[in-house]
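So for the sequence shown, our numbering puts the first residue at 9; every next one is plus one.
Ideal placement from N, C-alpha and C gives every residue a C-beta, glycine not left out.
Okay, so here's the structure we're looking at.
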Amino acid sequence: MAERTEPSFSNGDDLDLALWGKLLLTAIAPTVAQDRDPGDYLRMASAGAARLSGPVRLYQHTAFTAPLVDMQATYAYASLGRPGPALDAAEKIRPDDLIGISRGAHLMDVAQAHVHAGHWRAAETPLLEARSVSPTWFRHQRVARQAVSQMREHQRRLTPAVRSLAKSLAMR
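Following this line, the structure appears as structure tokens:
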């Protein structure tokens, strides 16, 4: 579908590029679910985002932006257990690029990447920040629960942060 709708990069308008980029991003989750590398989709979406004059608002309140592509790359590679590319993508995102639950979900992906890399202490900060977005929402997040579970298994002495996170997740 994205191939049939690919706009011209030389004279395509922002709306066409944004719609095409957003369509490419919808392929990320199914690709990851099949344990396949989403690199081609991410590269094409990134190329489209780079050509935009700014954020393009699409349906409802969503926009297509370069940080959105980087957020999806972080998610994809963290989910695939590839912390290097996940953390590289995460470094491109500024704190004010994402808001609300999107920011919280992204922070959990960053924590997951740190856990995959064995950076137990580095995983604490993004999890604490994700919890601060919405403690009620955080309590129900499988990614947070898995990350904290692995942190508890690999730390000899639990840090106050890990104990606090485990309590927030109602983990015994």
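{"Item": "Segment contact, 8 Å Cβ cut-off, at least three pairs: the segment 132-148 with the segment 109-119", "Value": "yes"}
{"Item": "Sequence-distant residues of the same chain with beta carbon closer than 6 Å to Asp78, five excluded per side", "Value": "Ala97, Lys100 and Ile101"}
{"Item": "Endpoints, alpha helix (DSSP H) assigned at Pro143", "Value": "Pro143 to Arg147"}
{"Item": "Residue of Ser140, Arg164 and His162 minimising C-alpha distance to Leu173", "Value": "Ser140"}
{"Item": "For Ala71, the residue or residues it bridges with in DSSP", "Value": "Arg65"}
{"Item": "Exposed unless 16 or more other CB atoms sit within 10 angstroms - verdict on Ile202", "Value": "Because the chain is modelled from 9 through 180, residue 202 falls outside the range shown and cannot be assessed."}
{"Item": "The segment 86-94 contacting the segment 62-74, beta-carbon criterion three pairs below 8 Å", "Value": "no"}
{"Item": "Pair within 7 Å by beta-carbon distance, Gly29 and Ala58", "Value": "no"}
{"Item": "Limits of the alpha helix (DSSP H) - the one that Arg180 falls within", "Value": "Premise fails: Arg180 is in no alpha helix (DSSP H) and is neither H nor E."}
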